[in-house]
Amino acid sequence: MSHTSESSQSESPTVENGNIADDTRNQTTAGSANPGGTEEGSAAAAISGVHAYVTKRPGVAIEAVDLVKDYGEDENVVHALRGVNVSFEQGRFTTIMGPSGSGKSTLMHTLAGLDTPTSGNIVFSGSDITTMNDKQLTLMRRNNVGFIFQSFNLLPMFTAEQNIVMPLTLAGAKPDKQWMRTLVETLGLEGRLDHRPHELSGGQQQRVAIARALISKPSIVFADEPTGNLDSVSSAEVLEFLKRSVREFAQTIIMVTHDAVAASYADRAIVFADGRIVADVQHPTADQMNALLLEERRKTSAAAFNGSRSRDAIDVGAKLR
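Here the sequence shown is numbered in the UniProt record's numbering, starting from 1 and rising by one per residue.
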């Protein structure tokens, strides 16, 4: 187990005048996480007018450099991300875990361009997405990113098939029939394509949502508590497919979860606490992750208790004066 907040700093590219300095500028890597993708599928090719000149490190899907995110101001400020340095490799399944309020969801939303960092850089497909405007971010997400949500977010008036191809429909593109067939067969959705969401079980709805996330062959998939609304059997099926999509399709997946068992399906688990990465585990087990989470919760409780005692002491001192 290593502490990424330390090791990543030495390996991360340096930032110079808003740019990422490195020797391999805008190169693509063999074994890309975009199965069957083309140059048009990359953020750099899909987005015009991005003036920040950045680099893409070989084998790295997305990278955060000195990432800071604050909410509020002055005495009400909340430090959600405290100078995070971390990279995510292509073709790997990485999970982000941590106690409630640790910053794990903020990190994922910021990496996906759904939230704006206070400072720092995010390098994705040769572009620093922190320099992009709303239109450029929308294009980046549409062409390069897939999302899987806890609540499925399927459109109730459309069939499973229509929901799956919706990202392509909105983009005015046609689905790759062979890829569609592969997804449907792999996810066990044959015979369900003409069903509407209310006619499907929770596990089936989430499998439709996974197919929707993968239909455009994205460079990266962000999964936010994808098994949070599922029973244990459906959860195992969904997680097994996510793992399989990495193994067979070289997909890159970043998943936020609070479930140690879910984390054990990943190739790598990052543990977050108080806006920082406190552990980085390769090939995690459920027991490892449970132990780490319990330790972080213990530290959080101890800090809260000590803070309460300090405030009580100050109040007593004020009354005695």
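Beta carbons are placed, not taken as given, at the ideal position from N, Cα and C, and that holds for glycine. Quantities reported herein were computed from a predicted structural model and do not represent experimental measurements.
Ends of the beta strand (DSSP E) at residue i?
{"i": "Asn121", "result": "119 to 124"}
{"i": "Ala250", "result": "First-last for Ala250: undefined, no H or E at that position."}
{"i": "Lys69", "result": "60 to 71"}
{"i": "Ala273", "result": "268 to 273"}
{"i": "Asp115", "result": "Per DSSP, Asp115 belongs to no beta strand (DSSP E) and is neither H nor E."}
{"i": "Asp224", "result": "220 to 224"}
So, are the CB atoms of residue i and residue j less than 9 Å apart?
{"i": "Met166", "j": "Arg196", "result": "no"}
{"i": "Val221", "j": "Thr252", "result": "yes"}
{"i": "Phe152", "j": "Ala223", "result": "no"}
{"i": "Arg92", "j": "Val246", "result": "yes"}
{"i": "Asp259", "j": "Ser235", "result": "yes"}
{"i": "Leu183", "j": "Leu214", "result": "yes"}
{"i": "Gly113", "j": "Arg141", "result": "yes"}
{"i": "Leu168", "j": "Ser216", "result": "yes"}
{"i": "Thr95", "j": "Arg207", "result": "no"}
{"i": "Gly203", "j": "Asp231", "result": "yes"}
{"i": "Val86", "j": "Ile277", "result": "yes"}
{"i": "Val77", "j": "Asn121", "result": "no"}
{"i": "Ile254", "j": "Met108", "result": "yes"}
Using only the alpha-carbon positions, how far apart do residue i and residue j sit?
{"i": "Phe88", "j": "Leu294", "result": "25 Å"}
{"i": "Ser264", "j": "Ile270", "result": "11 Å"}
{"i": "Asp274", "j": "Leu292", "result": "14 Å"}
{"i": "Leu189", "j": "Arg297", "result": "40 Å"}
{"i": "Phe149", "j": "Pro226", "result": "6 Å"}
{"i": "Thr106", "j": "Lys69", "result": "8 Å"}
{"i": "Ala52", "j": "Leu137", "result": "Only weak support exists for where Ala52 lies, its pLDDT of 48 falling under 50; the coordinates are left without a value."}
{"i": "Asn34", "j": "Arg244", "result": "Because Asn34 sits at a pLDDT of 41, beneath the cut-off of 50, its placement in the model cannot be relied upon, and the point is left open."}
{"i": "residue 324", "j": "Lys104", "result": "No statement about residue 324 is possible, as the shown extent of the chain runs from 1 to 321 and does not include it."}
{"i": "Glu237", "j": "Glu161", "result": "20 Å"}
{"i": "Ala302", "j": "Ser102", "result": "15 Å"}
{"i": "Pro175", "j": "Leu154", "result": "18 Å"}
{"i": "Val50", "j": "Leu81", "result": "Per-residue confidence for Val50 stands at a pLDDT of 40, beneath the threshold of 50, marking its modelled position as unreliable; the derived number appears in the next sentence. Their backbone Cα atoms lie some 25 Å apart in a straight line."}
{"i": "Glu73", "j": "Val123", "result": "27 Å"}
{"i": "Ala262", "j": "Glu199", "result": "26 Å"}
{"i": "Asp134", "j": "Phe272", "result": "28 Å"}
{"i": "Asp115", "j": "Tyr71", "result": "11 Å"}
{"i": "Ala250", "j": "Ser119", "result": "31 Å"}
{"i": "Asn143", "j": "Asp280", "result": "30 Å"}
{"i": "His79", "j": "Ile164", "result": "37 Å"}
Considering only the alpha carbon of each residue, which of the options lies closest to residue i?
{"i": "Thr159", "options": "Ser216, Thr116, Asp194, Leu183", "result": "Asp194"}
{"i": "Glu63", "options": "Glu73, Val84, Ala80", "result": "Val84"}
{"i": "Leu170", "options": "Arg212, Gln206, Gln205, Gly202", "result": "Arg212"}
{"i": "Pro117", "options": "Asp280, Leu67, Ala266, Ser201", "result": "Leu67"}
{"i": "Glu248", "options": "Trp179, Gln204, Val145, His283", "result": "Trp179"}
{"i": "Asn229", "options": "Met132, Ser201, Ala250", "result": "Ser201"}
{"i": "Thr285", "options": "Asp128, Lys135, Val123, Ala266", "result": "Ala266"}
{"i": "Thr300", "options": "Val78, Lys104, Leu81, Gly98", "result": "Gly98"}
{"i": "Val60", "options": "Ile277, Gly126, Val145, Thr131", "result": "Gly126"}
{"i": "Phe147", "options": "Ala302, Leu242, Ala262, Ala279", "result": "Leu242"}
{"i": "Thr130", "options": "Gln90, Val261, Leu111", "result": "Leu111"}
If I follow the unbroken alpha helix (DSSP H) through residue i, where does it start and stop?
{"i": "Asn76", "result": "Careful: Asn76 lies outside any alpha helix (DSSP H) and carries neither H nor E."}
{"i": "Gly146", "result": "Careful: Gly146 lies outside any alpha helix (DSSP H), inside the beta strand (DSSP E) at 145 to 149."}
{"i": "Met97", "result": "From DSSP, Met97 is part of no alpha helix (DSSP H) but of the beta strand (DSSP E) over 93 to 97."}
{"i": "Leu193", "result": "Taken as a continuous stretch (DSSP letters only), Leu193 belongs to no alpha helix (DSSP H), as it is neither H nor E."}
{"i": "Ile210", "result": "202 to 214"}
{"i": "Ala263", "result": "260 to 263"}
{"i": "Ser105", "result": "104 to 111"}
Sorry if obvious, but does the Cβ on residue i come closer than 8 Å to a heavy atom of the ligand ADP?
{"i": "Leu111", "result": "Questions concerning the ligand ADP fall outside what the structure shown contains, since it holds no ligand whatsoever."}
Which full runs of the alpha helix (DSSP H) of 4+ residues lie inside the stretch 125 to 184, going along the chain? 134 to 144, 160 to 164, 166 to 171
Please list the segments of the beta strand (DSSP E) lying wholly inside the stretch 271 to 299, counting only runs of 3 or more residues, in order along the chain. 276 to 282
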